[in-house]
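In the working numbering, the protein residues as written are 72 to 151.
If you want it as structure tokens, here you go:
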């Protein structure tokens with residue numbers, strides 16, 4: 072014989088509703104974090120490319136002169 076389940080209580084209905092809402096909000100939050108991460112990585116790649124292009128252009132434009140060798144000066148000693 073199968074027994075019919077009683078009607079769910081208002082508190083259990085409210086709890087189920089809260090859990091469903093929390094699961095939906097959690098999924099939306101995770102998706103938003105992933106979108107933000109993708110945007111950050113895309114921007115970092117763009118800025119890296121700009122920086123590397125700028126550095127390469129600067130390296131080609133001005134060759135770095137070799138510093139002239141200077142003789143090291145001796146520190147004066149005070150004799151007492």
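Idealized CB from N, CA, C, for every residue including glycine.
Remember, it's a predicted structure, so these values are computed and weren't measured experimentally.
For residue i, three-class secondary structure by DSSP
i: residue 111; result: helix
i: residue 150; result: coil
i: residue 130; result: helix
i: residue 137; result: coil
i: residue 120; result: helix
i: residue 78; result: coil
i: residue 87; result: helix
i: residue 125; result: helix
i: residue 100; result: helix
i: residue 94; result: helix
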